[in-house]
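One structure below.
Numbering (the numbering used here), first residue to last: 2 to 155.
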């Protein structure tokens, strides 16, 4: 596969979603798909090794990083200034609202129909412009035991 894009300031992105006592001590990033294969985004597999500062115990966190397309034409076709923001809002606002609604309705067991979001950003400078540093980190469902059904059946 081609060069793997670097995710700048990955630690800052996941900081609010991991145990405050743990730090990223190792990260492995690889492409999940060929560039352009997922059309509206570039998909990366990110495996993080987290270790406690005091305890020294480690945890593995497997996430999928969704980046905007590398190709400028694809960015325009998919209107990343809108579509990326809408997807991040879905995971950061709509999904938690659905989970809260289940609890308010007295459901003893809530259902997680969506991957957990471990962070999202439009850029590094906190402006409203989606740029090449935009990233959405989602739970890697394969690492959670899910599997993909083939897209085309013969």
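Think of the CB as a built atom: it goes at the ideal place given N, C-alpha and C, for glycine as much as any other residue.
Check, Outcome
"Integer-rounded CB distance, given that residue 44 should sit under 8 Å from residue 10", "Rounded, the Cβ-Cβ distance is 20 Å, inconsistent with contact."
"Alpha-carbon to alpha-carbon, residue 59 and residue 51", "5 Å"
"Where residue 15 falls, given that 16 or more other Cβ within 10 Å makes a residue buried", "buried"
"Span of the beta strand (DSSP E), counted from its first residue to its last, around residue 76", "Element bounds for residue 76: not the beta strand (DSSP E) but the alpha helix (DSSP H), 73–78."
"Burial state of residue 2 (16 or more Cβ within 10 Å)", "Low per-residue confidence applies at residue 2: pLDDT is 48, beneath 50, and the placement is therefore not dependable enough to give any value."
"C-alpha gap between residue 41 and residue 95, whole angstroms", "21 Å"
"Element boundaries [alpha helix (DSSP H), containing residue 83]", "81–90"
"C-alpha distance - residue 7 paired with residue 137, whole-angstrom precision", "14 Å"
"Whole-angstrom distance between residue 54 and residue 17, CA atom to CA atom", "17 Å"
"Residue 141 vs residue 74 beta-carbon contact at 8 Å", "no"
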